[in-house]
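J.: Structure below; questions to follow.
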Amino acid sequence: MSPLNHLQQRGAIGLMAAGTLALALLCMLVVLDSGRLYMERRSLQRVADMAALEAAGRHGNCLPATTASAVAFATQSGIRNDFVQGNDGRTMTTLCGNLSVDASGMRTFNTDASKYEAIQVVVTHPVPRSIASGVASYFSSTPIEPIISMKATAVAQPAAPLVQLTLRSAAMTLSSANAAVLNPLIGGLLGGSLNLSVAGWQGLVDTNLNLLSYLTRLSTDLNLKVGDYTQLLTTNISVSQLIQSAISVLDPNNTLAATATISSLNAIKTAAGSTTIALGDLLQVQSGSNLAALNTNMRVFDLVQGLVQVANKKNGLMSAVQLNVPGVAQVTARVQVIQTPQISAIGDPSKIDPSNPTGANRIFVRTAQTRALLSINLPVLGVITPLLNAATNLLTPLTPVINSVLSLNLAATIESVACLVGAGCTMYDFKWLTTGSAGPQIDVSISTSSAQSYVTGYTCTSNTNKTLTTHTDSALLNLKIGQISSAAAFPASTDPNAVVALPLPVLDIGSSVCKKILGIGTCGPRTSFTGGGLGISVNSPIGQVQSTSTNFTYTAPSTPSQLPEVNTDPFFPLTANATLPSSLLAGTIAGVQVHMYSPPTNNVLGSLMSGAESLLGTITSSLDSTINSTLSPLLTGVLDPLLTSLGVTLNPVNLGANMSCNIGQATLVI
């Protein structure tokens, strides 16, 4: 090879090396510039993310003159992350608003200063362009700005505050008397029969069930999507399946079948039959609420009690219960649920309309609305004796008049002598309080409206400094005493005044239209009080206990246990003493109505009895104290255990509350 060729090759290699080095340097510049810009962009995005999370997590807003300014919270976060507005041209813009979702599922932030469902933070920072772009601009005919403004946007959504209200039965410790009522009552409401022991019922009271675990298991058992509680709460499910899923949660390995709680649940499941209900009738979850809020415990007894009442409303059965009360021969109670209870409610209190707290986004619980008929057969002796004696003493001044009537011959006690020859005539007879071998029957109608409680306000200064205010309307009790048929006790109308009670006769001088010849023949149906008499009854409005409204504020941190976090046991006020009907009946029974029935004056009996009318009117008040002392203990022994077993109290102060402000918790959504 000639020296000239050799020099040419060396020159070519040098040029290639120089070109390669230049390309490597250019690539290095691109990598360095790209890395620098990427890190700058990442740092800027981190600032925006942290600022949005802090502003949303601290529940900032964009309202004027607010102490919880989203702008201030975002600015403070930027400073802590070395981002100070104004320095090197840095800017930060904070906006409040809400989110919407388009048809494709994409989230969009909508600016609205009056809302703070979402917080948007936009940050900018001008930085030098890359060296590569500078070199490119050197060869370009169009000038390129040496500074580029980088921008980062973040949208965060605060974790909503959550409130849970829980309504529970006042029955905490059960006795043999409670069990004697619960077995026929719960069984009858379901349309079956039960024979649980006291230990069995107490086991249900003492056992808690995790609500989230229960709903998850129920979704699995029904092959529904786990977590879709909206579908679960609106699906009609058999009561037996609802109870079986509870058993599966409490006894996942099927090893506790012999325990009191599990055996009791199995017995109730058998009695439940095929009635289906929607669980949403019992548990309310506000739309959009976090499913984690359901991670809380509920007493199994309260769940069973609620399921049974909802089932009774659905199946329309009328439970007939035989109750044993000392001194009373027999008490038959017929019970029907008119409106179902709602024992738990979970939701975001910020969604409640202050002008309409019971509107669409309410957090609301209520007891059941029930109607019952007690048919009480009293023995001739025993508790009724004082009332019988009082009635006898009352009528003693009338004895001569009555005797004169009774001693009349047949012609004198009829409206027409034609009765002697077989023509229709009116004949009278006398019925006393003690008529009948089993003693007189007193019917008692009990109508209770739903007691309700709901959230009216809250504050969230911090997770430990918070308050919750609830409003409670107590139940309305309507009591009627007298003679009441089943048809009259359970009319189609839910108005308590639709129940009709006829007076219980103390003395009933009634009549029948007869066709007899010399005492031989037949008589038609008997009509009460046509010849006068005396009856007692309790009727509306005397038997009506008016409802009351109260407000209660749960507070923390002065007493932190009064407002525990959601997912923990609720706080029930220390004053949670149920108001039993017996405590409200003293004035009602003492004010019993005594009815004096005037006979017509156009017959022989009427003319004889009319002279005694003024005497009756002056002494009927003497029955008041006797009726009070006789009926009040009787009703106490019947009404209290019956309504307690139903979970019905006149003041639902057994209202538990939980609240989580969730301050400091937020989620990036854009």
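Residue numbers for the sequence shown follow the numbering used here, so the first one is -15 and each next one is one higher.
All C-beta atoms in this analysis are idealised placements derived from N, C-alpha and C, irrespective of residue type, glycine included.
Note that the coordinates shown come from a computational prediction; the quantities given were computed from them, not determined experimentally.
Between the Cα of T537 and the Cα atoms of A476, V288, T454, L488, which residue gives the shortest distance?
T.: Checked all of A476, V288, T454, L488; the closest Cα to T537 is T454.
J.: Taking the beta strand (DSSP E) that P110 falls in, what are its first and last residues?
T.: Unbroken beta strand (DSSP E) run through P110: 102 to 112.
J.: May I have the straight-line CA-CA distance separating N237 from I231, to the nearest angstrom?
T.: Between N237 and I231, the C-alpha separation is close to 10 Å.
J.: Determine, using beta carbons only, whether L196 and L278 come nearer to each other than 7 Å.
T.: A contact, by the Cβ cut-off of 7 Å.
J.: Do three or more CB pairs link the region 485 to 492 to the region 436 to 452 at distances below 8 Å?
T.: Touching, no.
J.: Need the endpoints of the alpha helix (DSSP H) that S655 sits in, please.
T.: Past the boundaries of the shown model lies residue 655; the chain is included only from -15 to 654, so the question cannot be answered.
J.: Quick one: residues in its chain with C-beta nearer than 7 Å to the C-beta of V653, no 5 flanking neighbours on either side, listed in chain order?
T.: Correct list, in chain order: L83, R91, A102, V139, A140, Q141.
J.: Quick one: residues in its chain with C-beta nearer than 7 Å to the C-beta of T539, no 5 flanking neighbours on either side, listed in chain order?
T.: Contacts found: T451, Q546, L547.
J.: Got a sec? Which residues, its chain only, sit under 8 Å from L178 by beta carbon, not counting five neighbours each side?
T.: For L178, where only same-chain residues beyond five positions count, the Cβ hits under 8 Å are L166, N167, P168, I170, G171, A251, I252, A255.
J.: Going by beta-carbon coordinates alone, are M34 and N65 separated by less than 7 Å?
T.: Contact flag set, yes.
J.: Using three-state DSSP, classify M12 as helix, strand or coil.
T.: Helix, per DSSP.
J.: Mark L639 as exposed unless 16 or more other C-beta atoms lie within 10 angstroms of its C-beta, in which case mark it buried.
T.: Buried, by the Cβ-count rule.
J.: With H, G and I counted as helix, E and B as strand and the rest as coil, what does DSSP make of M23?
T.: Three-state DSSP puts M23 in a helix.
J.: Check whether the Cβ of R30 lies closer than 7 Å to any Cβ atom in chain B.
T.: As a matter of chain content, chain B is missing from the structure shown, which is built from one protein chain.
J.: Per DSSP, which one or two residues make a beta bridge with M76?
T.: Paired residue(s): V107.
J.: Counting along the chain, where does the alpha helix (DSSP H) carrying V55 start and finish?
T.: First-last of the alpha helix (DSSP H) with V55: 54 to 64.
J.: Is it the case that the Cβ atoms of G648 and G3 are separated by a distance below 7 Å?
T.: No. Outside cutoff.
J.: From the DSSP output, read off the bridge partner residues of P142.
T.: Note: P142 sits in a beta bridge opposite A650.
J.: Going by C-alpha distance, which of A471, L234, M411 is nearest S248?
T.: Nearest of A471, L234, M411 to S248, Cα basis: L234.
J.: Please report the Cβ distance between S512 and G494, rounded to the nearest whole angstrom; I am assuming they are in contact, meaning their Cβ atoms lie under 8 Å.
T.: With a Cβ gap of about 5 Å, S512 and G494 count as contacting.
J.: Based on DSSP bridge pairs, tell me the residues matched to R283.
T.: According to DSSP, R283 bridges with N192.
J.: Put M34 into one of helix, strand or coil per three-state DSSP.
T.: In this structure, M34 counts as helix in the three-state DSSP scheme.
J.: Quick one: Cα of G73 to Cα of P145, how far?
T.: Between G73 and P145, the C-alpha separation is close to 38 Å.
J.: Would Q326 pass as a contact of V349 if the rule is Cβ separation under 7 Å?
T.: Yes, the Cβ-Cβ distance between Q326 and V349 is below 7 Å.
J.: Just curious, the beta strand (DSSP E) that G466 is in, first and last residue?
T.: Per DSSP, G466 belongs to the beta strand (DSSP E) from 461 to 466.
J.: Using the Cα positions of S496 and S160, report the straight-line distance between them to the nearest angstrom.
T.: Taking the straight line from one Cα to the other gives about 48 Å.
J.: Taking the alpha-carbon positions, what's the G44 to A641 distance?
T.: So the alpha carbons of these two residues sit roughly 25 Å apart.
J.: Measure the Cβ-Cβ separation of T506 and L461 and say whether it is below 7 Å.
T.: No. Outside cutoff.
J.: From the DSSP output, in three-state form, read off T239 for me.
T.: It is coil, neither helix nor strand.
J.: Just verifying my parser: in three-state terms, what is the DSSP assignment at D337?
T.: Strand at D337.
J.: Given S434, which residues of its chain have a CB within under 6 Å of its CB, disregarding the five upstream and five downstream residues?
T.: Excluding positions up to five away in sequence, the list reads Q323, R350, T351, Q353.
J.: If we count the other Cβ atoms within 10 Å of its Cβ and call it buried at 16 or more, is P338 buried or exposed?
T.: By the neighbour-count rule (16 or more Cβ atoms within 10 Å), P338 is not buried but exposed.
J.: For the beta strand (DSSP E) containing N642, name the first residue and the last one.
T.: Run containing N642: 639 to 644, per the beta strand (DSSP E) assignment.
J.: Confirm, please, whether the CB-CB distance from V315 to A356 is below 7 Å.
T.: No, the Cβ-Cβ distance between A356 and V315 is not below 7 Å.
J.: State the start and end residues of the unbroken beta strand (DSSP E) segment that holds V269.
T.: Residues 267 to 269.
J.: Here's a check: name, in chain order, each residue in its chain whose Cβ is nearer than 7 Å to the Cβ of S258, leaving out the five neighbours to either side.
T.: Contacts found: S222.
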